[in-house]
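Undergrad:
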Ligand SMILES: O=C(CO)COP(=O)(O)O
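Numbering (my numbering), first residue to last: 964 to 1213.
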């Protein structure tokens, strides 16, 4: 039985004060939820404060990025061990915004996932196709490449802490969600890829979550699909009422 995993990716939003206001509102509205894993990913500068505010709550903390080395001459970068020290349980890796805007490649993303696994941290591993790739029937090829390259040489034991996020790029921030069938087809395909890489029992345990314009009014239908185990929410995670409704999907 896969526990639903609902994560809010705050992207480049919210000062420390705004982050704390959002967290206080969210803590109150989801305090009775026990059957779902709830995660928020603030900006780096708010991690320590949000971590303190989350102590004793049912919400976990994620960072939005990491560098695949623990220490060294890497100006401006942050390592998995420092993120763990700051209170993080998860790190988002491979987000399409970083792939597209910052040129992150599959091997680099793979190195981050292995570094996180080595530190015992979870990864929220994002994959997904562009609109052009979908329209030219390349979606499954793209997902195949991203999954096999991103999870190369990742130990099967680490998969218990890795959540795969299917985020079709054309659905991110556009208000255009993948249909329930489109999302379910992609998720079932990804689960099959995981089975090929790690075997049936691992594939059945890994949470595969959907991201791309998830809102209070479409979450219930998405979550009703067999292979959709949660959501990675951008815009709607910045409003406590919307995110709390998404967490408490029907
Ligand atoms: O990129 C996303 C989450 O990582 C999705 O963003 P939106 O929910 O704003 O479409």
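Glycine included, each C-beta is placed from N, C-alpha and C at the ideal position. Note that the structure is predicted; figures quoted are calculated from it, not measured.
Give me the DSSP bridge partner(s) of residue 1129.
TA: For the purposes of this step, residue 1129 is identified with residue 166 of the chain shown, where counting begins at 1. In the DSSP output, where bridge partners are listed per residue, residue 1129 has 1090, 1173.
Undergrad: Pull up the DSSP beta-bridge partners for residue 1023, would you.
TA: On the chain shown, position 60 is the one that residue 1023 refers to. Answer by DSSP bridge pairing, in chain order: 1002.
Undergrad: Determine the contact status of residue 1133 and residue 1077, defining contact as a CB-CB distance below 8 Å.
TA: Taking the first residue of the chain shown as position 1, residue 1133 is located at position 170. Taking the first residue of the chain shown as position 1, residue 1077 is located at position 114. No, the pair does not count as a contact, with Cβ atoms beyond the cut-off.
Undergrad: So, at 8 Å on beta carbons, what are the nonlocal neighbours of residue 1010 in its own chain, with the 5 sequence-adjacent residues on each side left out?
TA: Taking the chain shown and counting its residues from 1, the one referred to as residue 1010 is at position 47. Result list for residue 1010: 1024, 1026, 1046, 1049, 1050, 1051, in chain order.
Undergrad: When DSSP labels each residue in this structure, what does residue 1193 get in the three-state scheme?
TA: Residue mapping note: residue 1193 aligns to position 230 of the chain shown, counting from 1. Three-state result, residue 1193: strand.
Undergrad: Between residue 1178 and the rest of its own chain, which residues show a CB-CB distance below 6 Å, the 5 nearest in sequence each way excluded?
TA: As a first step, residue 1178 must be located in the chain shown, where it is residue number 215. Excluding positions up to five away in sequence, the list reads 1199.
Undergrad: Could you name each continuous beta strand (DSSP E) segment of 3 residues or more that falls completely within the region 1095 to 1150, going from the start of the chain to the end?
TA: 1125 to 1129
Undergrad: Does residue 1005 pass the burial test, meaning 16 or more other C-beta atoms within 10 Å, or should it be called exposed?
TA: Start at 1 with the first residue of the chain shown, and residue 1005 comes out as number 42. Flag for residue 1005 reads buried.
Undergrad: What does the alpha-carbon distance come out to for the pair residue 1188 and residue 1147?
TA: Residue 1188 sits at position 225 when you count from the first residue of the chain shown. Residue 1147 sits at position 184 when you count from the first residue of the chain shown. When rounded, the distance between both Cα atoms is 6 Å.
Undergrad: Within its chain, find whatever has a CB closer than 7 Å to the CB of residue 1070; leave out the 5 residues flanking it on each side and keep chain order.
TA: For this step, residue 1070 is matched to residue 107 along the chain shown. Within the same chain, residue 1070 has close Cβ partners 1112.
Undergrad: Quick one: using the 10 Å Cβ neighbour count with 16 as the cut-off for buried, is residue 1037 buried or exposed?
TA: Within the chain shown, numbered from 1, the residue matching residue 1037 stands at position 74. It is exposed - the Cβ of residue 1037 has fewer than 16 other Cβ atoms within 10 Å.
Undergrad: Between 1008, 974, 967, 964, which has its C-alpha nearest residue 928's C-alpha?
TA: Examination of residue 928 is not possible in this model, given that the chain is present from 964 through 1213 alone.
Undergrad: From residue 1063 to residue 992, what distance separates their C-alpha atoms?
TA: For the purposes of this step, residue 1063 is identified with residue 100 of the chain shown, where counting begins at 1. For the purposes of this step, residue 992 is identified with residue 29 of the chain shown, where counting begins at 1. One C-alpha to the other measures close to 35 Å.
Undergrad: DSSP on residue 1028, reduced to helix/strand/coil?
TA: Counted from its first residue, the chain shown places residue 1028 at position 65. It is coil, neither helix nor strand.
Undergrad: Do you know offhand how far residue 1139's Cα is from residue 1196's?
TA: Stepping through the chain shown from its first residue, residue 1139 is reached at position 176. Stepping through the chain shown from its first residue, residue 1196 is reached at position 233. Answer to the nearest angstrom: the Cα atoms are 13 Å apart.
Undergrad: Under the DSSP definition of a beta bridge, which residues are partnered with residue 988?
TA: For the purposes of this step, residue 988 is taken as residue 25 along the chain shown, with counting starting at 1. According to DSSP, which records beta bridges pairwise, residue 988 is partnered with nothing at all.
Undergrad: Excluding the 5 residues preceding and the 5 following residue 1143 in the sequence, name in chain order all residues of the same chain whose CB lies nearer than 7 Å to its CB.
TA: Indexing the chain shown from 1 puts residue 1143 at position 180. Closer than 7 Å at Cβ, skipping near neighbours: 1184, 1185, 1188.
Undergrad: Suppose you measure from the CA of residue 1117 to the CA of residue 1073; what does that come to, to the nearest Å?
TA: Here residue 1117 refers to the residue found at position 154 when the chain shown is read from its first residue. Here residue 1073 refers to the residue found at position 110 when the chain shown is read from its first residue. C-alpha separation (whole angstroms): 8 Å.
Undergrad: Can you find the residues in the same chain that come closer than 7 Å, C-beta to C-beta, to residue 1105, ignoring five residues on each side of it along the sequence?
TA: The residue you call residue 1105 lines up with position 142 of the chain shown. Within the same chain, residue 1105 has close Cβ partners 1092, 1096.
Undergrad: Is it the case that the CB of residue 1135 approaches a heavy atom of ligand 1 more closely than 7 Å?
TA: Within the chain shown, numbered from 1, the residue matching residue 1135 stands at position 172. At least one heavy atom of ligand 1 is nearer than 7 Å to the Cβ of residue 1135, so yes.
Undergrad: Per DSSP, what kind of secondary structure is residue 1181 in: helix, strand or coil?
TA: Locating residue 1181 in the chain shown gives position 218, where the first residue counts as 1. The answer is coil: DSSP assigns residue 1181 none of H, G, I, E or B.
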